[in-house]
Amino acid sequence: MDIEDFRKAGYDAVDRICDYYLSLRDRPVVAEVEPAYLRKTLPDHAPEQGEPWADIANDYSSLIVPGLTHWQHPSFFAYFPTAATFEGMLGDFLASSTANPGFNWLASPACTELESVVMDWAAKMFGLDPIFYNEGEIGGGVIQTTASDSALTAIVAARSRYMTLHPSTSMESLVIYVTSQTHSFGKKAGLVLGLKVRALPVDETARRGDGLDATTLRAAVEEDRAAGHMPFVLVATVGTTTSGLIDCVKELGALLKEDYPDIWLHVDAAWAGCALSCPEYRERAQLEGINLYADSLCINFHKWGLINFDCSALWVRERARLIDALDITPEYLRTKHGDAGTVIEFRNWHLSLGRRFRSLKIWFVLRSYGVSGFRAYIRRCIACCDVFASHIRETSGFELVAPPSFSLTLFRILPNGPADEHYINMLNRAFFDALLARHDLLLTQTELGGTFCVRFSVGSARTTVDDIEKAWTVVKDIAKDVRLRFSIAN
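Okay, so the sequence shown: first residue is 466 according to the working numbering, each after it adds one.
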């Protein structure tokens with residue numbers, strides 16, 4: 466493909482993307498394919514000779530697109546928000562064209578410098594304390610791939626700090642603290658690092674509206690230390706994936722600072738953290754506690770932040786802790802700027818050496834939307850979720866299982882008459898199976914304290930109140946039908 470071929474193919478690709486988004490509302494949300502559908506269609510080996518580009522592009526439209534679950538569909542209410550934007554797509558496109566690995570400042574100065582700037586833009590938009598700004602040269606922000614990588618990086622730094630403070634401690638005694646609602650990356654970090662992981666219990670019914678508290682944490686630390694175990698990091702969550710539960714960050718942080726200052730506090734605000742952009746949600750999203758006590762904070766722009774996957778923001782209170790843990794600089798990576806300490810070498814802020822030019826996506830989106838546009842999107846998602854939650858509250862036969870958390874609602878249906886929890890769980894499993902059989906919307910399920918329920922998450926940039934009302938009609942009609950069928954069968 467020469468330059469003119471690429472120009473034509475590029476125009477065609479943009480046309481296909483535009484046609485895809487124009488048709489998105491008319492497509493099923495869920496891919497209507499069977500397992501191995503693609504393997505049955507494609508040859509079992511790569512072509513010996515190159516094929517015409519037009520054929521390849523047409524196969525993308527005819528074979529790949531039908532196998533996609535459309536996360537940007539207005540009726541996608543599953544998992545967590547993923548609001549891809551055209552600005553983010555253009556950032557990805559141009560970043561791919563430069564194809565630099567960005568492992569040090571000299572490799573591509575713009576890559577490092579833009580990241581340093583936009584991470585400060587984001588920190589200020591979210592109300593973070595200046596200690597987290599790159600321009601302050603004490604803490605700072607760096608772009609990772611996912612929240613899992615952000616947490617793993619923070620845990621590695623926490624382990625290094627703890628071992629420096631307690632050099633006689635054995636690795637076998639170290640313990641990572643998560644909660645019973647922490648994302649699965651907590652346990653995976655333990656697998657990767659070969660460390661114990663303890664999940665501290667939280668109120669899984671979430672009816673109190675808060676998660677892990679200082680009383681539970683203190684009891685765990687004292688118990689573990691008495692047994693010879695050494696907790697060195699706590700992963701607290703603002704907006705769990707399961708239910709949107711929020712741990713008591715200020716309370717936890719105050720305890721750690723006062724009594725256990727060698728335990729690192731990492732705050733995972735992967736999807737809900739973007740609500741910090743709106744001043745009215747900062748108290749609920751634990752901003753004060755984060756600013757006072759968090760050693761590190763993760764917010765995924767590729768979830769609720771209008772940035773295309775992948776783009777996870779990690780801020781640290783002390784950049785030296787990351788660098789001390791991760792700095793490996795062989796001779797071939799040394800530069801006069803790096804040796805002089807006049808530039809940031811982001812490779813020492815994460816686990817990998819090379820890194821993509823992800824900051825372009827943030828730069829494009831924040832310049833195009835502005836802070837006011839970003840906030841408007843967050844507020845609209847929450848308003849749409851509130852509409853759905855109000856229907857659940859106001860309609861007999863439905864129940865909120867936990868207080869709505871920003872753009873996430875957990876609910877279940879109730880039988881027509883008295884029933885025990887086992888029966889109600891069976892009813893809701895049948896209800897969810899019926900929802901899952903529909904391809905015009907997608908919700909997911911979870912279980913809280915033994916209660917099976919359905920999750921309704923709003924986050925598509927194209928979702929409107931009309932889409933919420935349409936979804937509610939489907940949910941209400943399916944619930945009525947399932948109740949009737951279930952009562953006849955039982």
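Even for Gly, the Cβ is constructed at its ideal location relative to N, Cα and C. Since we're looking at a predicted model, the values are computed, not measured.
By the DSSP assignment, the beta strand (DSSP E) with residue i in it spans what residues?
i, result
"residue 733", "729-733"
"residue 702", "695-702"
"residue 643", "639-644"
Over what stretch of residues does the alpha helix (DSSP H) that includes residue i continue unbroken?
i, result
"residue 713", "From DSSP, residue 713 is part of no alpha helix (DSSP H); its letter is neither H nor E."
"residue 913", "First-last for residue 913: 909-913, but that is the beta strand (DSSP E), not the alpha helix (DSSP H)."
"residue 548", "Segment: none, residue 548 is in no alpha helix (DSSP H) and carries neither H nor E."
"residue 688", "679-691"
"residue 786", "784-791"
"residue 483", "468-488"
"residue 650", "650-658"
"residue 756", "752-758"
"residue 773", "Unbroken run through residue 773: none, as it is neither H nor E."
"residue 524", "518-524"
Run through DSSP, which three-state label would residue i get?
i, result
"residue 583", "helix"
"residue 766", "helix"
"residue 664", "strand"
"residue 896", "helix"
"residue 839", "helix"
"residue 591", "coil"
"residue 743", "coil"
"residue 498", "coil"
"residue 575", "helix"
"residue 673", "Residue placement at residue 673 is poorly supported in this model, since its pLDDT is 48, which falls under 50; the coordinates still yield a value, given next. The answer is coil: DSSP assigns residue 673 none of H, G, I, E or B."
"residue 621", "helix"
"residue 635", "coil"
"residue 933", "helix"
"residue 943", "helix"
"residue 568", "coil"
"residue 856", "helix"
"residue 736", "coil"
"residue 705", "coil"
"residue 511", "coil"
"residue 888", "helix"
"residue 817", "coil"
"residue 602", "coil"
"residue 796", "helix"
Give a yes or no on whether the C-beta atoms belonging to residue i and residue j are separated by under 8 Å.
i, j, result
"residue 824", "residue 580", "yes"
"residue 699", "residue 730", "yes"
"residue 966", "residue 906", "Residue 966 lies beyond the stretch modelled for the chain, which goes from 466 to 955, so this question has no answer here."
"residue 612", "residue 650", "yes"
"residue 872", "residue 924", "yes"
"residue 773", "residue 553", "yes"
"residue 569", "residue 803", "yes"
"residue 903", "residue 947", "no"
"residue 590", "residue 488", "no"
"residue 665", "residue 713", "no"
"residue 532", "residue 503", "yes"
"residue 936", "residue 878", "no"
"residue 622", "residue 926", "no"
"residue 646", "residue 708", "yes"
"residue 771", "residue 830", "yes"
"residue 539", "residue 932", "yes"
"residue 644", "residue 667", "yes"
"residue 522", "residue 474", "yes"
"residue 892", "residue 880", "yes"
On the DSSP bridge assignment, give the partners of residue i in chain order.
i, result
"residue 922", "873"
"residue 778", "608 and 764"
"residue 864", "877"
"residue 951", "Residue 951 is not bridged to any residue."
"residue 506", "Per DSSP, none; premise fails for residue 506."
"residue 916", "913"
"residue 541", "907"
Does the beta carbon of residue i fall short of 7 Å from some heavy atom of the ligand ATP?
i, result
"residue 618", "As presented, the structure is devoid of all ligands, the ligand ATP included, so that no description of it is given."
Check whether the region 836-855 and the region 686-697 are in contact - that is, three or more C-beta pairs closer than 8 Å. no
Determine contact between the region 759-771 and the region 719-737, defined as no fewer than three beta-carbon pairs at a distance below 8 Å. yes
Does the pairing of the region 814-824 with the region 787-803 give three or more beta-carbon distances under 8 Å? With the rule of 3 Cβ pairs closer than 8 Å, the region 814-824 counts as touching the region 787-803.
Is the region 866-880 touching the region 922-941 in the sense that three or more CB pairs, one from each, lie closer than 8 Å? Touching, per the Cβ criterion.
So, do the region 537-545 and the region 515-525 have three or more beta carbon pairs nearer to each other than 8 Å? no
Would you call the region 636-648 in contact with the region 830-844, where contact means no fewer than 3 C-beta pairs closer than 8 Å? no
Cβ pair count under 8 Å reaching 3, the region 598-609 against the region 775-786: yes
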